[in-house]
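Working notes for the structure below.
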Amino acid sequence: MSMQLRFLGAAGQVTGSAHLLEIGDKRILIDCGMYQERAFLERNWASFPVPPSSIDAVLLTHAHLDHCGLLPKLVRDGFSGKIWATAPTLRLASLVMTDIARIQAEDAGIKQARHAREGRQGEHDGELLYTGYDVRRTEAHFREARFGEPLSPVDGVSVRFLLAGHILGAALLEVTARDAGKTRKLVFSGDLGRRDMPIVPDPAVLHEADYIVLETTYGDRDHPDEDTEAVLADIVNDTVDRGGNLVVPSFAIERAQQLLLHFSHLLGSGRIPPLRVYLDSPMAIDATAIYRRMLTFVDGPAREMLRGREWRDTRRLIETVRSPVASRALDAIHGTAVLIAGSGMCTGGASSST
């Protein structure tokens, strides 16, 4: 069998991850992500480079939008195979895709009304990438992959999902197949995390591969080895001394949960005063619930802390905020509080309106 790899996205830009591995007459798609950079948004509406019906299986590295966001469009347009991912990734991907379907529907109505007032028609007015129904259809294709256990998405191909250390359930993929009479091992990194992070286990160490497809988002950066909680405590205590409130923009998945863990630890240890912490992001609230239901995938120390007394004692100081009305009410807070707000890049959500 011959082997060919095609990069359908995340090549020349950061988002839109999609790699097509062709082995003989079989096609495996690694990730099917949405484009998020403004310059490339139009690509989300373009037809897939190959007919979705010709793809035999999908391997999903993790649940971030730029890796899973176009799966419902793939299914709607004809894909009928299995979508393999770890259990946390399947849960989180459902959350992410459902949220995007909702946002699209809401935004479409707002944009159409605005364009009607302005007497013009915008590109893709009323055209949705996919709906909540498409998300439910996509979930019917989900199959669970277990970390470290080989599976065969198509005949003659073996895949292992290994820890990537990025977000809960994130995996790097080790693909083994025959190519021109020889056994080849390909590794797809997905998104890699750092070692010694507070929630997810360290990324796996691989000792051999014939080809590696590696993400390099932060490949030119040396992250400082600093005590995150010490820095956070200094910032909070300085804010308390000045009588202010602290707004922390945060991504809904992983970063929000890390912050909750840090604040719980700081409150429990008395390194910051007993102030209120508000999580103002419905998606982060739902993602946190998934994290708590899937503690077996959480790193040991964090798992023990989430099960322990410190978390139970400090959780009463952490409030969740779901509705826009409750979110706006936070503007009238008296006394120092911490607001963990979506989105992490201040492009929407509570962080852009606080």
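Sequence positions in the sequence shown follow the working numbering and run 1346 to 1699. C-beta: ideal position from N, C-alpha, C; glycine also. Computed from a prediction, not measured in an experiment: that's the story for all the values here.
Margin query: Among the candidates Pro1417, Ala1674 and Asp1422, whose CA atom is the shortest distance from the CA of isoleucine 1445?
Written below: By one-based count along the sequence shown, residue 1445 stands at place 100. Taking isoleucine 1445 as reference, the option from Pro1417, Ala1674 and Asp1422 with the minimal CA-CA separation is Pro1417.
Next item on the list: Provide the residue span of the alpha helix (DSSP H) that contains proline 1573, from first to last.
Entry: Here residue 1573 refers to the residue found at position 228 when the sequence shown is read from its first residue. Residue 1573 is actually threonine in this sequence, not proline. First-last of the alpha helix (DSSP H) with threonine 1573: 1573-1586.
Next item on the list: Specify whether the segment 1548-1558 and the segment 1577-1592 touch according to this definition: at least 3 beta carbon pairs, one from each stretch, less than 8 Å apart.
Entry: no
Notebook entry, point to check: In three-state terms, what does DSSP make of aspartate 1524?
Noted result: As a first step, residue 1524 must be located in the sequence shown, where it is residue number 179. The answer is strand: DSSP assigns aspartate 1524 an E or B state.
Check: Which value, in whole angstroms, describes the spacing of the CA atoms of proline 1618 and leucine 1612?
Finding: As a working note, residue 1618 is residue 273 in the sequence shown. As a working note, residue 1612 is residue 267 in the sequence shown. Going by the C-alpha atoms only, they are around 7 Å apart.
Check: Mind checking glutamine 1349: buried by the 16 CB within 10 Å criterion, or exposed?
Finding: Indexing the sequence shown from 1 puts residue 1349 at position 4. Of the other Cβ atoms in all chains shown, fewer than 16 fall within 10 Å of the Cβ of glutamine 1349; this residue is therefore exposed.
Note to self: Quick check: the Cα distance between alanine 1355 and glycine 1680, rounded to an integer number of angstroms?
What the structure shows: Here residue 1355 is taken as the residue at index 10 of the sequence shown, counted from 1. Here residue 1680 is taken as the residue at index 335 of the sequence shown, counted from 1. For alanine 1355 and glycine 1680, the distance between alpha carbons rounds to 45 Å.
Margin query: Out of His1407, Val1666, Glu1649 and Pro1646, which one is the CA nearest neighbour of alanine 1516?
Written below: One-based indexing of the sequence shown puts residue 1516 at position 171. Nearest C-alpha to alanine 1516: His1407.
Note to self: Using DSSP's beta-bridge definition, name the partner residues of proline 1417.
What the structure shows: Here the question's residue 1417 lines up with position 72 in the sequence shown. BP columns for proline 1417 are empty, so no partner.
Margin query: Tell me the DSSP secondary structure of threonine 1665 in three-state form.
Written below: Position 320 of the sequence shown holds residue 1665. Here threonine 1665 sits in strand by DSSP.
Checklist line | Alpha-carbon spacing of aspartate 1500 relative to arginine 1372, whole angstroms | finding: Residue 1500 sits at position 155 when you count from the first residue of the sequence shown. Residue 1372 sits at position 27 when you count from the first residue of the sequence shown. Distance between the alpha carbons of aspartate 1500 and arginine 1372: 11 Å.
Notebook entry, point to check: Excluding the five sequence neighbours on either side, which residues of its own chain have a C-beta within less than 6 Å of the C-beta of isoleucine 1375, listed in chain order?
Noted result: Counting from 1 along the sequence shown, the entry for residue 1375 is found at position 30. Counting only residues of its own chain and dropping the five nearest sequence neighbours on each side, isoleucine 1375 has a CB closer than 6 Å to the CB of His1364, Leu1404 and Phe1533.
Margin query: On the DSSP bridge list, what partners appear for glycine 1293?
Written below: Summary: the structure shown does not reach residue 1293, with the chain confined to residues 1346 through 1699, and so no result is reported for it.
Notebook entry, point to check: What are the start and end residues of the beta strand (DSSP E) that includes tyrosine 1623?
Noted result: The residue given as residue 1623 occupies position 278 in the sequence shown. First-last of the beta strand (DSSP E) with tyrosine 1623: 1621-1625.
Next item on the list: Output the distance between the C-alpha atoms of glycine 1369 and aspartate 1452, rounded to the nearest integer angstrom.
Entry: Here residue 1369 corresponds to residue number 24 of the sequence shown, with the count starting at 1. Here residue 1452 corresponds to residue number 107 of the sequence shown, with the count starting at 1. Spanning the two alpha carbons is a distance of roughly 43 Å.
Note to self: Which residue wins for smallest C-alpha separation from aspartate 1541, given the options Leu1559, Leu1473, Arg1637 and Thr1573?
What the structure shows: Against the sequence shown, residue 1541 aligns to sequence position 196. When each option's Cα is compared against that of aspartate 1541, the closest is Thr1573.
Check: What separation, rounded to the nearest whole angstrom, lies between the Cα atoms of proline 1548 and serine 1609?
Finding: Here the question's residue 1548 lines up with position 203 in the sequence shown. Here the question's residue 1609 lines up with position 264 in the sequence shown. About 25 Å.
Next item on the list: Tell me where the alpha helix (DSSP H) around proline 1646 begins and ends.
Entry: Within the sequence shown, the letter at position 301 stands for residue 1646. Start and end: 1645-1652.
Next item on the list: Please go through the same chain and pick out, in chain order, the residues whose beta-carbon is closer than 7 Å to the beta-carbon of glutamine 1358, but skip the five residues on each side of it.
Entry: Here residue 1358 corresponds to residue number 13 of the sequence shown, with the count starting at 1. The answer, listed in chain order, is Glu1382 and Phe1385.
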